[in-house]
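Engineer: I have a structure here, written as structure tokens, and I will follow up with some questions on it.
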Amino acid sequence: MSSNAIQSVLVENRVFPPSEAVQKAARISGMANYQALCAEAENDYEGFWARLARENVVWSKPFTQILDESNAPFYKWFADGELNASANSLDRHMGTPTENKTAIIFEADDGQVTKVTYRELLDRVSQFANGLKARGVKKGDRVLLYMPMTIEGVVAMQACARLGATHSVVFGGFSAKAVQERIVDVGAVAVITANYQMRGGKELPLKAIVDEAIAMGGCESIKNVFVYERTASPYAKEAGRDVPFSELLAGQSTDCPPVPVNAEHPLFVLYTSGSTGKPKGVQHSTGGYMLWARQTMRWSFDVQDSDVFWCTADIGWITGHTYVAYGPLAAGATQIVFEGVPTYPNAGRFWQMIERHKCTIFYTAPTAIRSLIKASEADAAVHPNASDLSSLRILGSVGEPINPEAWMWYYKHVGQERCPIVDTFWQTENGGHMITPLPGATPLVPGSCTLPLPGITAAIVDEAGHDLPNGAGGMLVVKRPWPSMIRNIWGDPERFKKSYFPEELGGKTYLAGDGAVRSEDRGYFRITGRIDDVLNVSGHRMGTMEIESALVAKTDLVAEAAVVGRPDDLTGEAICAFVVLKRPVPTGDEAKAIAKELRDWVAKEIGPIAKPKDIRFGENLPKTRSGKIMRRLLRSLAKGETITQDTSTLENPAILDQLANTN
Ligand code: PRX
Numbered sequence: 001m002s003s004n005a006i007q008s009v010l011v012e013n014r015v016f017p018p019s020e021a022v023q024k025a026a027r028i029s030g031m032a033n034y035q036a037l038c039a040e041a042e043n044d045y046e047g048f049w050a051r052l053a054r055e056n057v058v059w060s061k062p063f064t065q066i067l068d069e070s071n072a073p074f075y076k077w078f079a080d081g082e083l084n085a086s087a088n089s090l091d092r093h094m095g096t097p098t099e100n101k102t103a104i105i106f107e108a109d110d111g112q113v114t115k116v117t118y119r120e121l122l123d124r125v126s127q128f129a130n131g132l133k134a135r136g137v138k139k140g141d142r143v144l145l146y147m148p149m150t151i152e153g154v155v156a157m158q159a160c161a162r163l164g165a166t167h168s169v170v171f172g173g174f175s176a177k178a179v180q181e182r183i184v185d186v187g188a189v190a191v192i193t194a195n196y197q198m199r200g201g202k203e204l205p206l207k208a209i210v211d212e213a214i215a216m217g218g219c220e221s222i223k224n225v226f227v228y229e230r231t232a233s234p235y236a237k238e239a240g241r242d243v244p245f246s247e248l249l250a251g252q253s254t255d256c257p258p259v260p261v262n263a264e265h266p267l268f269v270l271y272t273s274g275s276t277g278k279p280k281g282v283q284h285s286t287g288g289y290m291l292w293a294r295q296t297m298r299w300s301f302d303v304q305d306s307d308v309f310w311c312t313a314d315i316g317w318i319t320g321h322t323y324v325a326y327g328p329l330a331a332g333a334t335q336i337v338f339e340g341v342p343t344y345p346n347a348g349r350f351w352q353m354i355e356r357h358k359c360t361i362f363y364t365a366p367t368a369i370r371s372l373i374k375a376s377e378a379d380a381a382v383h384p385n386a387s388d389l390s391s392l393r394i395l396g397s398v399g400e401p402i403n404p405e406a407w408m409w410y411y412k413h414v415g416q417e418r419c420p421i422v423d424t425f426w427q428t429e430n431g432g433h434m435i436t437p438l439p440g441a442t443p444l445v446p447g448s449c450t451l452p453l454p455g456i457t458a459a460i461v462d463e464a465g466h467d468l469p470n471g472a473g474g475m476l477v478v479k480r481p482w483p484s485m486i487r488n489i490w491g492d493p494e495r496f497k498k499s500y501f502p503e504e505l506g507g508k509t510y511l512a513g514d515g516a517v518r519s520e521d522r523g524y525f526r527i528t529g530r531i532d533d534v535l536n537v538s539g540h541r542m543g544t545m546e547i548e549s550a551l552v553a554k555t556d557l558v559a560e561a562a563v564v565g566r567p568d569d570l571t572g573e574a575i576c577a578f579v580v581l582k583r584p585v586p587t588g589d590e591a592k593a594i595a596k597e598l599r600d601w602v603a604k605e606i607g608p609i610a611k612p613k614d615i616r617f618g619e620n621l622p623k624t625r626s627g628k629i630m631r632r633l634l635r636s637l638a639k640g641e642t643i644t645q646d647t648s649t650l651e652n653p654a655i656l657d658q659l660a661n662t663n
């Protein structure tokens, strides 16, 4: 957020209470009902969660235990219960009117539309699961997915879950190196991918990247690569290892009994960036996760039988897990799955699709909104006004703070001042929404995610863990464990404890890693951004250390690098890299050429989303005499501020001028 935007958040005093019509129609209607649920959770915490677990989850073996804190912070929920996540998404609807309802409306990049009912989806998932089973995939195995946004992507995730295999989805924009690291870390037995993905009219290779990843070595655990032939274009096949979907599915029955797993069984591992080291494999449970995926669909989105829900997130992110692959299905909703990009064939695509499919609940990221504002200002034909958006009833935002200007535009032009906006705060580690308005209850304040969901004990504390009063900024924490929380970092319990349950806070309080402040009047939460070395670029999480490691891995060129974020109007934050080369500081065209080389390098090491926007060269980095990099100064330089801080402890003040220039 720019400092202007932060300022306007702090003084924001516009309030939008739900209209009477919205309130009347909603499942949780009015603040009194919200408060009653909060009180229920407070009075009998375990009883509250047990009720929700019974209401939301179909248990093949009912649980008798609720919360087990004996090995905190490795909490267990419903630990003696058994279930299957796929049965909870699909089988539960068989024999009900939902069986023949449309589960997915798929719109391909080129506009072609395919629909599947719940019955058809169950058949496809079962057939796919049988195919995997025939190739030896079984309960407890890990399977890596590198898939485009397609029905097949959802089917593959569900099929893994059906067998009790733990999936690990890698976003299709990540590099071969990122794929390889995740295969090795999670110990995957198979990869499910596509020959190509279609984005914005372009065919992009996925299978070739998987080949490259496996060729890097350390991937001996991989027995098969299953390939969805998304396009007719040829791709390289390795005999014995690579199996196209057509072969995988041939002759397989559409009947596959779901394998019951323990409530704590890892449904998936999803990698995300932390402040140090390599990305961490966030391990989620099955029982608690499925509970919250369905419950938040019903609370935050108030999903009803007649709704057409659309979450624009890719299945490679947590939002695409909870609000594409599991939540909408568990809730029996009709949902839109979109393969393409918001700007193809033009920047009105989202609005045109809302009209075409009569979408009622639309959930996207501030970054997308900001870029579409810009596009619609330049071309009236792609403005939301050019489409019929009268079907919409609820809007959602996720992934980063939404600045009040973007909020107002979304509210006015997309929601036509009729639709509440749920600004949902949560994280990969949380499994589902944590702090969010309820559409039929919470008066909205632009730029604020308002109040925690019932049962979520979010608070703001100082460094010593003491509660802070409204108006005082501090660290966002969650005081009690909740069912959909992260269970572990795959293979690294020590890092799990250190990252999320630091000793300084007593070892049992969940540390979110975000700064937050509550408003004086309503106690509403506003997230002020990460307090660690994690950046949020277009809603994508990235560790500064990760990018630094990638830069210094270019050993022929780079001696040292430091990465910081700076505010950016479009992407929220932008990546700014300060680089010391193993050669004299370049200028002019040479500097531009090296900057390009480094950007391409980072794209290869991590993925294009990690490319630094600014690259600056210097003979050194600003360091104290003891050799510590002064990141505070780098952040000021990145913002283009004149340095007013005390630089007397700097070893080499002259390099500040050098580092002020962008390439
Ligand atoms: O900084 C917060 C920001 O995104 C981070 C989590 O990123 P990730 O794990 O990738 O999950 C994103 C989607 C759930 C948080 O630590 N963030 C997410 N939602 C919001 C937000 N910041 C402000 N407001 C939000 N609604």
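Okay, so the sequence shown: first residue is 1 according to the UniProt record's numbering, each after it adds one.
Beta carbons: idealized from backbone N, C-alpha and C, even for Gly.
Considering only residues of the same chain and omitting the five flanking positions on each side of residue 437, which have a CB-CB separation below 6 Å?
Structural biologist: Answer for residue 437: 422, 444 and 450, listed in chain order.
Engineer: Report yes if the C-beta distance between residue 121 and residue 145 is below 9 Å; otherwise report no.
Structural biologist: Cβ distance not < 9 Å, so residue 121 and residue 145 don't count as in contact.
Engineer: Leaving out five residues on either side along the sequence, give the residues of the same chain with a beta carbon under 7 Å from the beta carbon of residue 6.
Structural biologist: With a pLDDT of 46 at residue 6, under the threshold of 50, the modelled position of that residue is not reliable, and no figure is offered here.
Engineer: Note down, one range per segment and in chain order, each beta strand (DSSP E) of at least 3 residues found wholly within the region 401-455.
Structural biologist: The qualifying runs are 421-424.
Engineer: Taking residue 363 as part of the alpha helix (DSSP H), name the residues at either end of that continuous run.
Structural biologist: Per DSSP, residue 363 belongs to no alpha helix (DSSP H); it is in the beta strand (DSSP E), 361-364.
Engineer: Return yes when the Cβ of residue 581 is within less than 9 Å of the Cβ of residue 295, no when it is not.
Structural biologist: No, these two residues do not count as a Cβ contact at 9 Å.
Engineer: Can you tell me the Cα-Cα spacing of residue 489 and residue 500, whole angstroms?
Structural biologist: Using only the alpha carbons, I get a separation of about 10 Å.
Engineer: With DSSP as the reference, label residue 382 as helix, strand or coil.
Structural biologist: Correct three-state label for residue 382: helix.
Engineer: Provide the residue span of the beta strand (DSSP E) that contains residue 17, from first to last.
Structural biologist: No beta strand (DSSP E) holds residue 17; DSSP gives it neither H nor E.
Engineer: Between residue 619 and chain B, is there a C-beta pair that is closer than 9 Å?
Structural biologist: Any reference to chain B falls outside this structure, which holds one protein chain only.
Engineer: Quick one: does the C-beta of residue 663 sit closer than 8 Å to a heavy atom of the ligand PRX?
Structural biologist: The answer is no for residue 663.
Engineer: How long is the line joining the alpha carbons of residue 163 and residue 157, rounded to whole angstroms?
Structural biologist: Rounded to the nearest angstrom, the two C-alpha atoms are 10 Å apart.
Engineer: Are the CB atoms of residue 270 and residue 288 within a distance shorter than 9 Å?
Structural biologist: No, these two residues do not count as a Cβ contact at 9 Å.
Engineer: Does the distance between the C-beta of residue 530 and the nearest non-hydrogen atom of the ligand PRX fall short of 8 Å?
Structural biologist: Checking every heavy atom of the ligand PRX against the Cβ of residue 530, one is found closer than 8 Å.
Engineer: For the UniProt domain "AMP-binding enzyme C-terminal" (546-628), list the alpha helix (DSSP H) runs that are entirely contained and at least 4 residues long, ordered along the chain.
Structural biologist: List check, alpha helix (DSSP H) in window: 588-605.
Engineer: Near residue 660, which residues of its chain fall below 7 Å by C-beta distance, leaving aside the five closest residues on each side in sequence?
Structural biologist: Only 637 meet the Cβ criterion.
Engineer: Beta-carbon separation of residue 605 and residue 177 under 9 Å?
Structural biologist: Yes, these two residues count as a Cβ contact at 9 Å.
Engineer: Can you say whether residue 94 is buried or exposed, counting buried as having 16 or more other CB atoms within 10 angstroms of its CB?
Structural biologist: Burial call: exposed.
Engineer: For residue 3, count neighbouring C-beta atoms within 10 Å of its own C-beta (all shown protein chains included) and say buried if the count is 16 or more, exposed if not.
Structural biologist: Confidence at residue 3 is low in this model, with a pLDDT of 45, below 50, so the placement of that residue should be treated as unreliable; the coordinate-derived value is given next. Exposed, by the Cβ-count rule.
Engineer: Residue 35: buried (16+ other C-beta within 10 angstroms of its C-beta) or exposed?
Structural biologist: Looking at its Cβ environment, which holds fewer than 16 other Cβ atoms inside 10 Å, residue 35 is exposed.
Engineer: Residues in its own chain within less than 8 Å of residue 515 by CB, not counting five upstream and five downstream?
Structural biologist: Correct list, in chain order: 473, 474, 475, 476, 527, 528, 529, 530 and 531.
Engineer: Compute every distance between the C-beta of residue 449 and the non-hydrogen atoms of the ligand PRX, then say whether any falls below 8 Å.
Structural biologist: Flag set: Cβ of residue 449 near the ligand PRX.
Engineer: Quick check on the DSSP output: the beta strand (DSSP E) that includes residue 357 runs from which residue to which?
Structural biologist: Here residue 357 belongs to no beta strand (DSSP E); instead the alpha helix (DSSP H) covers 349-357.
Engineer: Three-state secondary structure (DSSP) at residue 49?
Structural biologist: The answer is helix: DSSP assigns residue 49 an H, G or I state.
Engineer: Roughly how far, in whole angstroms, is the beta-carbon of residue 49 from the beta-carbon of residue 483, given that I think they are within contact range, below 8 Å?
Structural biologist: With a Cβ gap of about 6 Å, residue 49 and residue 483 count as contacting.
Engineer: Compute every distance between the C-beta of residue 512 and the non-hydrogen atoms of the ligand PRX, then say whether any falls below 8 Å.
Structural biologist: Yes, Cβ of residue 512 sits closer than 8 Å to a heavy atom of the ligand PRX.
Engineer: Among the candidates 651, 425, 466 and 267, whose CA atom is the shortest distance from the CA of residue 624?
Structural biologist: Ranking 651, 425, 466 and 267 by Cα distance to residue 624 puts 651 first.
Engineer: The ligand PRX heavy atoms versus the CB of residue 666: any closer than 8 Å?
Structural biologist: Here the chain has residues from 1 to 663 only, and residue 666 is not among them.
Engineer: On the CB-based measure, 16 or more other CB atoms within 10 Å of its CB, does residue 18 come out buried or exposed?
Structural biologist: By the 10 Å Cβ count, residue 18 comes out buried.
Engineer: CB of residue 536 to nearest heavy atom of the ligand PRX: below 8 Å?
Structural biologist: Yes - the ligand PRX has a heavy atom lying nearer than 8 Å to the Cβ of residue 536.
Engineer: With DSSP as the reference, label residue 31 as helix, strand or coil.
Structural biologist: Looking at residue 31 - three-state DSSP - the assignment turns out to be helix.
Engineer: Report the CB separation of residue 230 from residue 263 in whole angstroms; it is logged as a contact under 8 Å.
Structural biologist: Contact doesn't hold; Cβ gap of about 35 Å is too wide.
Engineer: Can you check whether the CB of residue 658 is closer than 9 Å to the CB of residue 616?
Structural biologist: Against a cut-off of 9 Å, the Cβ pair of residue 658 and residue 616 comes out as a contact.
Engineer: Can you give me the start and stop residues for the beta strand (DSSP E) that residue 311 sits inside?
Structural biologist: First-last of the beta strand (DSSP E) with residue 311: 308-311.
Engineer: Could you round the C-beta distance between residue 61 and residue 260 to whole angstroms and report it? I think they count as a contact, below 8 Å.
Structural biologist: Right, their Cβ atoms sit about 7 Å apart.
Engineer: May I ask which residues mark the beginning and end of the alpha helix (DSSP H) holding residue 124?
Structural biologist: Per DSSP, residue 124 belongs to the alpha helix (DSSP H) from 118-134.
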